[in-house]
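Notes follow the structure.
Protein chains in written order, with my numbering: chain U, 11 to 117; chain S, 4 to 659.
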């Protein structure tokens, strides 16, 4: 490695994949926003649905923009991704748990 | 017209608020005149721009971080002395309640975000590429952007003191107090925007160093051969990229509440202020580990070097670093046990908080076992490391007391807590950062700092530390709450507070000794001609001090852990120094003024949002966008250092 690394072998992508990814993420966001705004569902199922939509959003980011299936060398990113997913869901779900203020348990 | 002027002076310059503002104004004007005058007189503007403001060299960026951190240490320290002066006696009138609030807010924010963070970024930048055998970080241009975002974020925050008013809701900035209805001034906006802008830079630094450590290691530098400081940087950066987004989101939502009129954290319309507290600590607790892990890394390097032994239990050190990284994510609710989230929540987070103590304990014992039967050389870095251990033991013990949720109902937000976290953050982080600064100072600048003055600084600062904070544990038990600006005589807190204030001033004197030490050493230099003044172990000491800007003329091949020490033992150091025929032309990134300009554009945008001057905000954001577009269109961002030039530099350093 005699040079400062500024890139590698980049596969070129057609812009189609980015536009599709962008539209998908917009649609997913819009669905969650409308669901939260209109109070059309009960809170319990709503939280489940929003979590699923959030997870889909993550996959759109990973596959359409971050190209996680490409690249060479040791797969460090899979460990980091796993860690990231654990943290993300821990923070989101444990926040729900904390902010329920014990309404979900009986003493 | 004079009334308009008076209105401006009273509203924005706050000249009706007394002499502290006037003194600050005068000092700022004098400093600016001094800097501008000196640069013009010495014709150094060009030099400043070419060598520093536009640099993408990780070593220079590190030095700029270091200077900024020391300046912010001074500002935060002055804030601390003002607070302690106000509390020295019961019923004091040195500061009024509002000024006291502003000063504890700026003290906390500056110390953690604008002193501790840049200090550790300084060490990351200077040390990590040298330790792993790289020529720069993975993204040098992004690294410069990170620095300038931090710098201008910090400037924006500091500007609040003399223009418009400081934030006054504590460094944690809890709503609903920070909502527009209760805190209308620009101060809180300064906090939100200053921290937000520098936070973007921090995330970028995290990404940069993870990529550097995973991708830029020299051949043979396997993960388990990396020095422990590099491991601790990896852990710290992992926490940064997963924790800082939580801060960005919570600050952005609060900003929306204040600027656009949303109701995320209000008391009405379905808002919930507790959600901010939750989100803030999702970042806030990991932040503590962000700043302390690199300090652990420094201690590991220093202990091994100055006992002339390899570190005891390397793999357990790595394992405990990574364990702390992961567990630090599952403890945040211990900052608000008293919120009433329920016994099950509190139990989980109490147990998780205590669990962090286990890997931390492993580390402390490993350092002690490394020292055991070693031949300890008590130099400045080692002295600060030795000072850290009793500090950390006391701080850790009180930490476990606080982690016990039922007990926390007693200690919560009392001076017991204040004493605990200062013991961790000063005894753990500041000691570590100063040890690191002394340890790598010869590598950065090519000379050593005066040992005698440094020892004075150490002893005064540390004795001052105990005098300042041990009484505060007792004050906490006696019922003194944090953030109270004064207290009546009959509470009986007067004498302990007075002792504590004496300690704070001693720490201030200790800091002045460090300043004196640096200035003295500048004029009475003990030059380091060997590149290895401490007889150290890791790769960075195989380079000359200061390091040439391409770092390694030939990238070395790493064969084992502590490679430089092993080479010295075997007498094979020439394998790690370049030979003339191996030298090839080196590609380096070009300097660029754009990171600086982009930071400035962020500053303009932030300033616009602080006062709701949206035209200014739009101009600033347009500047940011322009910088990004220009960067995207750039295709020549590297240059080549020819072989002859590398050979000349190396032989001038006596290495060929």
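Idealized CB from N, CA, C, for every residue including glycine.
C-alpha distance - residue i paired with residue j, whole-angstrom precision
{"i": "residue 442 of chain S", "j": "residue 42 of chain U", "result": "52 Å"}
{"i": "residue 130 of chain S", "j": "residue 57 of chain S", "result": "21 Å"}
{"i": "residue 141 of chain S", "j": "residue 211 of chain S", "result": "6 Å"}
{"i": "residue 97 of chain S", "j": "residue 498 of chain S", "result": "18 Å"}
{"i": "residue 15 of chain U", "j": "residue 215 of chain S", "result": "Because residue 15 of chain U sits at a pLDDT of 42, beneath the cut-off of 50, its placement in the model cannot be relied upon, and the following sentence gives the value as read from the coordinates. Whole-angstrom Cα-Cα distance: 10 Å."}
{"i": "residue 433 of chain S", "j": "residue 119 of chain S", "result": "8 Å"}
{"i": "residue 513 of chain S", "j": "residue 465 of chain S", "result": "8 Å"}
{"i": "residue 77 of chain S", "j": "residue 103 of chain S", "result": "18 Å"}
{"i": "residue 613 of chain S", "j": "residue 106 of chain S", "result": "19 Å"}
{"i": "residue 17 of chain U", "j": "residue 652 of chain S", "result": "Unreliable positioning characterises residue 17 of chain U in this predicted model, as indicated by a pLDDT of 43, which lies under 50. The coordinate reading is nonetheless provided below. Rounded to the nearest angstrom, the two C-alpha atoms are 28 Å apart."}
{"i": "residue 187 of chain S", "j": "residue 265 of chain S", "result": "15 Å"}
{"i": "residue 14 of chain S", "j": "residue 167 of chain S", "result": "7 Å"}
{"i": "residue 411 of chain S", "j": "residue 277 of chain S", "result": "18 Å"}
{"i": "residue 25 of chain U", "j": "residue 598 of chain S", "result": "28 Å"}
{"i": "residue 149 of chain S", "j": "residue 125 of chain S", "result": "12 Å"}
{"i": "residue 384 of chain S", "j": "residue 460 of chain S", "result": "12 Å"}
{"i": "residue 94 of chain S", "j": "residue 165 of chain S", "result": "27 Å"}
{"i": "residue 451 of chain S", "j": "residue 532 of chain S", "result": "11 Å"}
{"i": "residue 593 of chain S", "j": "residue 603 of chain S", "result": "20 Å"}
{"i": "residue 413 of chain S", "j": "residue 66 of chain U", "result": "44 Å"}
{"i": "residue 92 of chain S", "j": "residue 500 of chain S", "result": "7 Å"}
{"i": "residue 323 of chain S", "j": "residue 331 of chain S", "result": "12 Å"}
Integer-rounded CB distance, given that residue j should sit under 8 Å from residue i
{"i": "residue 336 of chain S", "j": "residue 348 of chain S", "result": "6 Å"}
{"i": "residue 247 of chain S", "j": "residue 209 of chain S", "result": "7 Å"}
{"i": "residue 401 of chain S", "j": "residue 476 of chain S", "result": "7 Å"}
{"i": "residue 245 of chain S", "j": "residue 97 of chain U", "result": "5 Å"}
{"i": "residue 529 of chain S", "j": "residue 446 of chain S", "result": "The pair is not a contact, with the Cβ atoms about 14 Å apart (cut-off 8 Å)."}
{"i": "residue 311 of chain S", "j": "residue 182 of chain S", "result": "Rounded, the Cβ-Cβ distance is 58 Å, inconsistent with contact."}
Residues that residue i bridges to, as DSSP identifies them
{"i": "residue 603 of chain S", "result": "DSSP lists no partner for residue 603 of chain S."}
{"i": "residue 592 of chain S", "result": "S:641"}
{"i": "residue 529 of chain S", "result": "S:451"}
Coarse secondary structure for residue i, derived from DSSP in three states
{"i": "residue 451 of chain S", "result": "strand"}
{"i": "residue 5 of chain S", "result": "helix"}
{"i": "residue 26 of chain S", "result": "helix"}
{"i": "residue 378 of chain S", "result": "coil"}
{"i": "residue 617 of chain S", "result": "helix"}
{"i": "residue 230 of chain S", "result": "coil"}
{"i": "residue 643 of chain S", "result": "strand"}
{"i": "residue 13 of chain U", "result": "With a pLDDT of only 39 at residue 13 of chain U, under the threshold of 50, the placement of this residue in the model should not be trusted; the figure read from the coordinates follows. In this structure, residue 13 of chain U counts as strand in the three-state DSSP scheme."}
{"i": "residue 484 of chain S", "result": "strand"}
{"i": "residue 290 of chain S", "result": "helix"}
{"i": "residue 421 of chain S", "result": "helix"}
{"i": "residue 111 of chain U", "result": "coil"}
{"i": "residue 19 of chain U", "result": "Here the model assigns residue 19 of chain U a pLDDT of 48, short of 50, so the residue's position is not dependable and the matter cannot be decided."}
{"i": "residue 490 of chain S", "result": "coil"}
{"i": "residue 87 of chain U", "result": "helix"}
{"i": "residue 275 of chain S", "result": "coil"}
{"i": "residue 598 of chain S", "result": "helix"}
{"i": "residue 45 of chain S", "result": "coil"}
{"i": "residue 158 of chain S", "result": "helix"}
{"i": "residue 26 of chain U", "result": "helix"}
{"i": "residue 577 of chain S", "result": "helix"}
Beta-carbon neighbours of residue i, restricted to chain C and to distances below 8 Å
{"i": "residue 333 of chain S", "result": "Among the protein chains of the structure shown, namely U and S, there is no chain C."}
Residue j beta carbon less than 8 Å from that of residue i
{"i": "residue 135 of chain S", "j": "residue 270 of chain S", "result": "no"}
{"i": "residue 518 of chain S", "j": "residue 470 of chain S", "result": "no"}
{"i": "residue 399 of chain S", "j": "residue 363 of chain S", "result": "yes"}
{"i": "residue 279 of chain S", "j": "residue 177 of chain S", "result": "yes"}
{"i": "residue 422 of chain S", "j": "residue 472 of chain S", "result": "yes"}
{"i": "residue 108 of chain U", "j": "residue 281 of chain S", "result": "yes"}
{"i": "residue 61 of chain U", "j": "residue 100 of chain U", "result": "no"}
{"i": "residue 548 of chain S", "j": "residue 609 of chain S", "result": "no"}
{"i": "residue 293 of chain S", "j": "residue 253 of chain S", "result": "no"}
{"i": "residue 169 of chain S", "j": "residue 88 of chain S", "result": "no"}
{"i": "residue 162 of chain S", "j": "residue 203 of chain S", "result": "no"}
{"i": "residue 667 of chain S", "j": "residue 24 of chain S", "result": "Residue 667 of chain S is absent from the model: chain S starts at 4 and stops at 659."}
{"i": "residue 268 of chain S", "j": "residue 175 of chain S", "result": "no"}
{"i": "residue 590 of chain S", "j": "residue 643 of chain S", "result": "yes"}
{"i": "residue 8 of chain S", "j": "residue 550 of chain S", "result": "no"}
{"i": "residue 198 of chain S", "j": "residue 257 of chain S", "result": "no"}
{"i": "residue 301 of chain S", "j": "residue 435 of chain S", "result": "yes"}
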